[in-house]
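S.K.:
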Amino acid sequence: MRDNLAEAVAVVANMVQSALCRVRWWAVVSAREKIQGSHLERLAVIYLRQSTPAQVRVNVRSTERQYALADEAERLGWEAERVVVIDGDLGISGRFSDTQAREGYKRLVARVCLGEVGAIFGLEVARLARSSAELQRLLEFCALTDTLVVDTDGIYDLQDFNDRLLLGLKAQMSEAELHIITARLQGAKRAAAERGELRFPLTVGYLYDEQGDWIIDPDEEVRAAIADLFCAFGQTGSAYGVVGAFTGRRFPKRVWGGAWGGELRWGALTHTRVVRILQNPCYAGAYVFGRYRSRRIVRPDGTITTKTVELPRSEWPVLIQDHHPGYVSWETYLANEQRLAKNNTRAGQRPPREGSALCQGIVRCGSCGQSMSVRYRSGSAHYDCSASRVNHLRTPACRSVKASVVDELVVSRLLQALAPEQIALALAAADEVQARRARSSRALELRVERARYDAARAERAFHQCDPDNRLVARSLETRWEQTLRELKDALAELAEHTTPAPEPSREQIEALARDLPKLWAAKTTSEKDRKRLLRAVIADVTITSQPAGSELQIGIRWRSGAAEQHPMPRPPSYNDTTRTPPETIELIAGLVAEHTNSEIAAELNAAGLRTGRGLPFNAHAVRHIRRTHRIPTMTSRDDRDLTVNQVAEHLGVSRDAIYYWVRHGQLNARRNDTNRLRIPFDPEVAQECRKRIANSSRICTQTQTPATRGAV
Ligand SMILES: [Zn+2]
């Protein structure tokens with residue numbers, strides 16, 4: 070298909086070439102005639118472009134030729150000050166017709182549309198714009214504004230049909246040509262990749278040998294660092310753990326591009342690098358091509374950008390296993406990948422955390438089926454059905470439970486279940502510790518070796534240097550001294566590491582292993598390790614509560630598939646433990662008739678009673694209890710006595726009159742707890758007041774009642 074197309078393009082290209090030859094004689098004769106005074110009065114714009122910065126850097130001749138077009142414009146009759154060079158687009162790709170990025174091209178089009186341009190100069194007209202559609206539009210504008218187009222083949226007047234046809238053809242040809250070249254290059258690249266022979270910059274830990282085959286880096290320190298990274302991941306199970314294991318230890322990096330291009334640099338290991346290395350299939354001996362693909366995205370504002378995306382493994386175009394020696398097996402690579410995915414909390418995974426709630430991540434709500442989260446309230450952990458609340462699925466039985474109650478049961482069941490396996494577990498743990506120690510001391514030995522080598526090399530360089538050349542000798546001496554200092558540091562660190570630490574013997578470990586509960590409870594065992602062990606045996610824990618009542622059902626599902634259910638009493642909640650005792654409430658109810666809140670509080674304190682939280686009572690606490698327990702206040706003095714408003718309303722006078730009487734001792738009143746006036750208003754008092762109103766000339770009674778006042 071592709072070859073047929075190539076042939077067709079070749080045939081058309083020949084036709085265009087011959088057509089070009091035939092018109093050229095005519096073009097040469099008539100070219101000069103096309104340039105009119107009206108063109109020369111306007112600008113001659115030289116539009117320069119090259120797609121990539123590399124083209125600009127390497128293909129200097131082309132750039133020079135493009136700039137030389139300015140001289141050509143002057144030769145054709147334009148005055149020097151009317152020649153404008155637009156070179157802002159040098160090194161900017163027009164491939165994705167991202168005109169946003171190509172400001173120069175936009176300026177060119179704008180000036181053409183304004184009718185400022187007499188002629189556009191370019192090395193090859195078809196390359197003015199990368200896409201044929203864009204070029205056609207530019208040519209259309211040229212035709213409308215009577216703008217000439219000049220390239221090395223001739224001068225084109227877009228108002229002339231033949232010229233327009235010719236330029237259109239050339240643009241089409243150029244696009245087809247580009248397509249075919251790209252297709253051929255990509256095809257060759259893909260074929261080389263399918264053979265596993267396509268070369269690209271190798272990741273650290275690998276090198277090309279003389280034949281171009283992949284080999285593991287012969288530098289032992291590099292090899293050890295990468296091998297230890299995979300070991301550390303095996304032990305810690307997380308990329309953050311690996312970074313922690315490499316604290317204070319340097320990690321190699323192969324630099325690409327720039328001043329250090331191709332060299333090995335040493336630096337701190339970062340989380341991103343750990344993840345990249347673990348996910349890179351080449352460390353498992355596989356050759357992969359096309360793991361990433363660039364995709365074009367149209368943004369809402371119409372601009373087009375490209376984004377690199379990683380393809381799923383099933384879509385990788387080339388994957389050759391056992392292509393070169395690997396640091397890990399393909400199976401380990403797949404397992405690591407799975408483990409990383411399990412750590413990804415953003416993807417809904419819940420890896421073990423450092424908190425004290427042991428069932429974190431594996432506990433579910435038996436009522437709604439959602440997984441429960443851990444909340445820490447006043448120092449103790451609770452399993453809480455928060456997911457159901459978020460999703461508005463919360464049922465009355467979705468209740469939070471104190472973590473310690475569930476954990477105690479689960480751990481006791483776990484320790485019972487693990488009893489026969491305890492020694493095997495402990496021995497495996499002991500082997501692990503030894504292997505880890507050996508690995509880390511090996512890294513230190515390698516560092517000493519490297520420092521010794523560097524020192525020897527610096528010494529040799531110093532001795533070989535001409536002693537008269539003081540400047541060089543001095544700097545070489547400084548370097549030698551520095552390498553010696555590094556050697557000393559490395560030796561000291563190794564010595565510190567190899568001195569035998571107080572380590573338990575195998576017998577001691579075996580003795581310890583006989584009692585897994587002790588190991589489990591040991592301070593050195595981290596919560597994370599406990600959770601890992603727990604998850605290795607228990608698949609999940611389900612907590613089922615009743616909407617009310619204090620019974621819990623705790624279900625344990627073992628990895629083996631077995632399941633069990635344990636009924637348990639629900640521990641008293643925080644509210645339960647801080648609730649006021651019923652006797653105190655009764656006492657308050659008895660006192661409210663004749664006492665204010667402050668008086669009740671004083672009575673309770675005098676009787677040696679305390680609030681639910683163990684604090685002395687005050688008026689606020691008493692009011693709260695009365696409100697919560699709805700202790701009626703009908704018989705209290707407050708309710709018998711009237712407020713100023715009520716009295717005023719009753720007598721049909723203004724409040725000011727009442728205040729006046731109270732101020733002048735004509736009416737008895739007292740202040741209550743909240744400092745409000747309360748008036749003991751019995752029929753006698755009312756009679757007296759009415760008499761006073763009747764005798765007064767100043768007080769005018771109000772005929773309107775407060776209820777109707779608002780409606781008027
Ligand atoms: Zn729930």
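Number 285 in my numbering belongs to position 216 of the sequence shown; there are no gaps in the numbering. Using N, Cα and C, we set each Cβ at its ideal position, and we do this for glycine too. Predicted model, so just to flag it, every value in this text is computed and none were measured.
1) At the level of alpha carbons, what is the spacing between Phe230 and Ser243?
2) Please say whether Leu483 and Leu603 have beta carbons closer to each other than 8 Å?
3) Identify whether Phe320 lies in helix, strand or coil by the three-state DSSP scheme.
4) Roughly how far, in whole angstroms, is the beta-carbon of Leu235 from the beta-carbon of Tyr116, given that I think they are within contact range, below 8 Å?
5) Work out the CA separation of Tyr729 and Ser765 for me, nearest whole Å.
6) Using the C-alpha atoms, what's the distance from Trp627 back to Asp609?
7) Could you tell me whether any non-hydrogen atom of ligand 1 is closer than 7 Å to the CB of Thr464?
8) Can you grab the Cα-Cα spacing for the pair Met441 / Ser457, in whole Å?
9) Alpha carbon to alpha carbon, how far is Arg345 from Phe299? Give it in angstroms, no decimals.
10) Quick check: the Cα distance between Ile224 and Arg118, rounded to an integer number of angstroms?
11) Contact check, Arg318 vs Ala631 under 8 Å by CB: the rounded distance?
12) How is Arg253 classed by DSSP in three states: helix, strand or coil?
13) Do Val291 and Leu347 count as a contact pair if the criterion is CB distance below 8 Å?
14) Please state whether the Cβ-Cβ distance between Pro536 and Ala530 is less than 8 Å.
15) Does DSSP classify Phe190 as helix, strand or coil?
16) Taking buried to mean at least 16 other C-beta atoms within 10 Å of its own C-beta, is Val80 buried or exposed?
17) Please go through the same chain and pick out, in chain order, the residues whose beta-carbon is closer than 8 Å to the beta-carbon of Asn349, but skip the five residues on each side of it.
18) Where does the unbroken alpha helix (DSSP H) through Glu652 begin, and where does it stop?
19) For the 8 Å Cβ check, are there 3 or more pairs between the stretch 665-681 and the stretch 641-656?
20) Assign Glu76 to one of two classes, buried (16 or more other C-beta atoms within 10 Å of its C-beta) or exposed (fewer than that).
21) Can you tell me whether Thr697 is buried or exposed, with buried defined as 16 or more other CB within 10 angstroms of its CB?
22) Taking Gly187 and Leu109 to be in contact with their CB atoms under 8 Å, please state how far apart those CB atoms are, rounded to whole angstroms.
23) Kindly list the residues whose CB is nearer than 7 Å to the CB of Ala257, restricted to its own chain and excluding five residues on each side of it in sequence; keep chain order.
24) I'd like to check one pair, Phe358 with Val378: are the Cβ atoms closer than 8 Å?
25) Going by CA-CA distance only, name the one from Arg521, Gly677, Glu668 and Arg709 that's closest to His689.
26) Put Ser619 into one of helix, strand or coil per three-state DSSP.
27) How should Ala353 be labelled, buried or exposed, when 16 other C-beta atoms within 10 angstroms of its C-beta is the threshold for buried?
28) Does DSSP put Val443 in a helix, in a strand, or in coil?
29) As an exercise, report each continuous beta strand (DSSP E) stretch of at least 3 residues that is fully enclosed by the stretch 267-351, in chain order.
30) Measuring only the C-alpha atoms, how far is Arg408 from Pro420?
31) What residues in its chain sit with their C-beta under 8 Å from that of Asn83, if we drop five residues either side in the sequence?
32) Out of Ser436, Tyr445, Gln485 and Ser481, state which residue places its alpha-carbon closest to the alpha-carbon of Leu462.
33) Can you tell me whether Ser457 sits near ligand 1, meaning its C-beta is under 7 Å from at least one heavy atom of the ligand?
34) Compute the Euclidean distance between the alpha carbons of Ser201 and Ala404, then round it to the nearest angstrom.
35) Where does Trp549 land, buried or exposed, given buried means 16+ other C-beta within 10 angstroms?
36) Which residues share a DSSP beta bridge with Glu633?
M.R.: From the atom records:
1) Start at 1 with the first residue of the sequence shown, and residue 230 comes out as number 161. Start at 1 with the first residue of the sequence shown, and residue 243 comes out as number 174. C-alpha separation (whole angstroms): 20 Å.
2) Translated into the one-based positions of the sequence shown, residue 603 becomes position 534. Translated into the one-based positions of the sequence shown, residue 483 becomes position 414. Contact: yes.
3) On the sequence shown, position 251 is the one that residue 320 refers to. Residue state, collapsed to three classes: strand.
4) Counting from 1 along the sequence shown, the entry for residue 235 is found at position 166. Counting from 1 along the sequence shown, the entry for residue 116 is found at position 47. Rounded, the Cβ-Cβ distance is 19 Å, inconsistent with contact.
5) Stepping through the sequence shown from its first residue, residue 765 is reached at position 696. Stepping through the sequence shown from its first residue, residue 729 is reached at position 660. Looking at the two C-alpha atoms, the distance is approximately 13 Å.
6) The residue you call residue 609 lines up with position 540 of the sequence shown. The residue you call residue 627 lines up with position 558 of the sequence shown. Cα to Cα, the separation comes out at about 7 Å.
7) Locating residue 464 in the sequence shown gives position 395, counting from the first residue. Checking the Cβ of Thr464 against ligand 1 gives yes.
8) One-based indexing of the sequence shown puts residue 441 at position 372. One-based indexing of the sequence shown puts residue 457 at position 388. Distance between the alpha carbons of Met441 and Ser457: 9 Å.
9) In the sequence shown, counting from the first residue as 1, residue 299 sits at position 230. In the sequence shown, counting from the first residue as 1, residue 345 sits at position 276. Taking the straight line from one Cα to the other gives about 12 Å.
10) Here residue 224 is taken as the residue at index 155 of the sequence shown, counted from 1. Here residue 118 is taken as the residue at index 49 of the sequence shown, counted from 1. Cα-Cα distance, rounded: 19 Å.
11) Position 249 of the sequence shown, counted from the start, is the residue given in the question as residue 318. Position 562 of the sequence shown, counted from the start, is the residue given in the question as residue 631. No, Arg318 and Ala631 are not in contact; Cβ-Cβ is about 44 Å, not under 8 Å.
12) Here residue 253 refers to the residue found at position 184 of the sequence shown. Helix, per DSSP.
13) Locating residue 347 in the sequence shown gives position 278, counting from the first residue. Locating residue 291 in the sequence shown gives position 222, counting from the first residue. No.
14) Position 467 of the sequence shown, counting from 1, holds the residue named residue 536. Position 461 of the sequence shown, counting from 1, holds the residue named residue 530. No, these two residues do not count as a Cβ contact at 8 Å.
15) Counting from one through the sequence shown, the residue named residue 190 turns up at place 121. Strand, per DSSP.
16) Taking the first residue of the sequence shown as 1, we reach residue 80 at position 11. Per the 10 Å Cβ criterion, exposed.
17) Working through the sequence shown from its first residue, we reach residue 349 at position 280. Here the set comprises Thr272.
18) For the purposes of this step, residue 652 is identified with residue 583 of the sequence shown, where counting begins at 1. Taken as a continuous stretch (DSSP letters only), the alpha helix (DSSP H) holding Glu652 covers Pro651 to Leu660.
19) yes
20) Translated into the one-based positions of the sequence shown, residue 76 becomes position 7. Glu76 is exposed by the Cβ-count criterion.
21) Counting from 1 along the sequence shown, the entry for residue 697 is found at position 628. Label assigned to Thr697: exposed.
22) For the purposes of this step, residue 187 is taken as residue 118 along the sequence shown, with counting starting at 1. For the purposes of this step, residue 109 is taken as residue 40 along the sequence shown, with counting starting at 1. Right, the Cβ-Cβ distance comes to about 6 Å (below 8 Å), so this counts as a contact.
23) Translated into the one-based positions of the sequence shown, residue 257 becomes position 188. None.
24) Translated into positions along the sequence shown, residue 378 becomes position 309. Translated into positions along the sequence shown, residue 358 becomes position 289. No, they are not a contact pair.
25) On the sequence shown, residue 689 is found 620 positions in, with the first residue counted as 1. The option with the nearest alpha carbon to His689 is Glu668.
26) Here the question's residue 619 lines up with position 550 in the sequence shown. Ser619: coil per DSSP, three-state reduction.
27) For the purposes of this step, residue 353 is taken as residue 284 along the sequence shown, with counting starting at 1. Answer is buried; the Cβ neighbour count reaches 16.
28) As a working note, residue 443 is residue 374 in the sequence shown. Looking at Val443 - three-state DSSP - the assignment turns out to be strand.
29) 275-277, 283-285, 320-323 and 333-336
30) Here the question's residue 408 lines up with position 339 in the sequence shown. Here the question's residue 420 lines up with position 351 in the sequence shown. Approximately 10 Å, taken between the alpha carbons.
31) By one-based count along the sequence shown, residue 83 stands at place 14. If we look at Asn83 and ignore the five residues flanking it on each side, it has no Cβ neighbours.
32) Along the sequence shown, read from residue 1 onward, the residue named residue 462 stands at position 393. The shortest C-alpha separation from Leu462 is found at Ser436.
33) As a working mapping, residue 457 is identified with position 388 in the sequence shown. Within the cutoff, so yes.
34) Counted from its first residue, the sequence shown places residue 201 at position 132. Counted from its first residue, the sequence shown places residue 404 at position 335. The straight-line gap from Cα to Cα measures roughly 50 Å.
35) Within the sequence shown, residue 549 is the residue found at index 480, counting from 1. Buried, since its Cβ has 16 or more Cβ neighbours within 10 Å.
36) The residue given as residue 633 occupies position 564 in the sequence shown. Glu633 is bridged to Ile625.
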